[in-house]
Amino acid sequence: MEVIVVAVVLGAIIAYLVGASTPRRRGKRHSNYRREPTVRSLGTGRNLPPVTRPNEGSRLVRARQEKARAAHRLSERPDHPPPPPIPASRKLVGRAWVIDGDTIAIDRIKIRLAGIDAPELDEPWGRKSKWAMVNICKGKTIHVDLTGETSYDRLVGTCYLPDGTDIGAELIKAGLALDGSYYSKGKYLHLEPEGVRQRLKFYGLKQRR
Numbered sequence: 280m281e282v283i284v285v286a287v288v289l290g291a292i293i294a295y296l297v298g299a300s301t302p303r304r305r306g307k308r309h310s311n312y313r314r315e316p317t318v319r320s321l322g323t324g325r326n327l328p329p330v331t332r333p334n335e336g337s338r339l340v341r342a343r344q345e346k347a348r349a350a351h352r353l354s355e356r357p358d359h360p361p362p363p364p365i366p367a368s369r370k371l372v373g374r375a376w377v378i379d380g381d382t383i384a385i386d387r388i389k390i391r392l393a394g395i396d397a398p399e400l401d402e403p404w405g406r407k408s409k410w411a412m413v414n415i416c417k418g419k420t421i422h423v424d425l426t427g428e429t430s431y432d433r434l435v436g437t438c439y440l441p442d443g444t445d446i447g448a449e450l451i452k453a454g455l456a457l458d459g460s461y462y463s464k465g466k467y468l469h470l471e472p473e474g475v476r477q478r479l480k481f482y483g484l485k486q487r488r
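The opening residue of the sequence shown carries number 280 in our numbering; numbering runs sequentially from there.
The structure is reproduced here in structure tokens:
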């Protein structure tokens, strides 16, 4: 009988010791924040209050939101700088630097030829149109009558050679630009060679701004 009692007591003691040595599982926190390790103040030696910060998921969400806001801000920026101020005289005179078939620059001021529409450089006949403009302007002083309008970073005006020749008209007669009827009101339409729109494979029914 004494042996049985001793065995029961020993079994109870062993079960208690095993249960005490096994760590308890704590329930999973469902908070979006986690507690940082305790930090001890160097000055007072006391434990500072724990600092909480968002978990990794919250940081990723905020990073994506900030990226979206930055993309929206970029989308609102203009593609071109603002145009220069229009001179009070609405006149410009000087040697021209040809940019493409309907844009030149005088004293670093970009000028969009009014009423015409030439192919872009990457479009059919675009480079030929540019070099025709170079030949027209080469070595000559260009006179510009500004309309008071702007086109992106350019002023808009009618450009003339010293003898009064309308440069835009010359380019249209050469079949390397079209009348921009929407803005010119058909001023140059009668100068277009027959079939020029099909040949250029580019339809300037409305002058591009």
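For every residue, glycine included, the Cβ atom is placed at its ideal position computed from N, Cα and C.
What you are looking at is a predicted structure, and each value in this text was computed from that prediction instead of being measured.
Rounding to the nearest angstrom, what Cα-Cα distance links residue i and residue j in this structure?
i	j	result
V423	R343	50 Å
P441	E473	29 Å
K402	A367	Residue identity differs from the one stated: residue 402 is Glu in this sequence, not Lys. Going by the C-alpha atoms only, they are around 36 Å apart.
D386	W376	9 Å
P363	V372	16 Å
M412	G380	6 Å
I388	G454	27 Å
P361	A384	15 Å
K466	I451	11 Å
R478	R338	58 Å
G418	L468	28 Å
I378	K409	7 Å
G443	K407	24 Å
A291	R341	55 Å
Less than 8 Å between the beta carbons of residue i and residue j, yes or no?
i	j	result
D458	E471	yes
I395	A456	yes
My assumption, with CB atoms under 8 Å, is that residue i sits in contact with residue j. Please give the rounded CB distance.
i	j	result
R374	T420	6 Å
Once you ignore the five residues that flank residue i on each side, which residues in its own chain have a CB closer than 8 Å to its CB?
i	result
S463	A393, G394, I395 and Q486
Y439	I421, H422, V423, D424, D445 and I446
R488	Residue confidence is low: R488 scores 42 on pLDDT, short of 50, so the model does not pin down where it sits. No coordinate-derived value is stated.
Given residue i, which residues of its chain have a CB within under 6 Å of its CB, disregarding the five upstream and five downstream residues?
i	result
G405	P398 and E399
R391	T382, S430, R433 and V435
T437	A393 and D424
V475	G454
I293	none
Spatial neighbours of residue i within its chain, please: C-beta separation below 7 Å, excluding the five flanking residues on both sides.
i	result
I365	L425, G427 and L434
Which two residues bound the contiguous alpha helix (DSSP H) that contains residue i?
i	result
R374	R374 -> not in any alpha helix (DSSP H); beta strand (DSSP E) instead, spanning K370 to R374.
L479	V475 to L479
Y462	S460 to S463
R406	G405 to C416
A448	I446 to K452
Where does the unbroken beta strand (DSSP E) through residue i begin, and where does it stop?
i	result
A397	Looking at the DSSP string, A397 is not in any beta strand (DSSP E), and its letter there is neither H nor E.
G436	R433 to Y439
E428	T420 to S430
K389	I388 to L392
A384	T382 to I385
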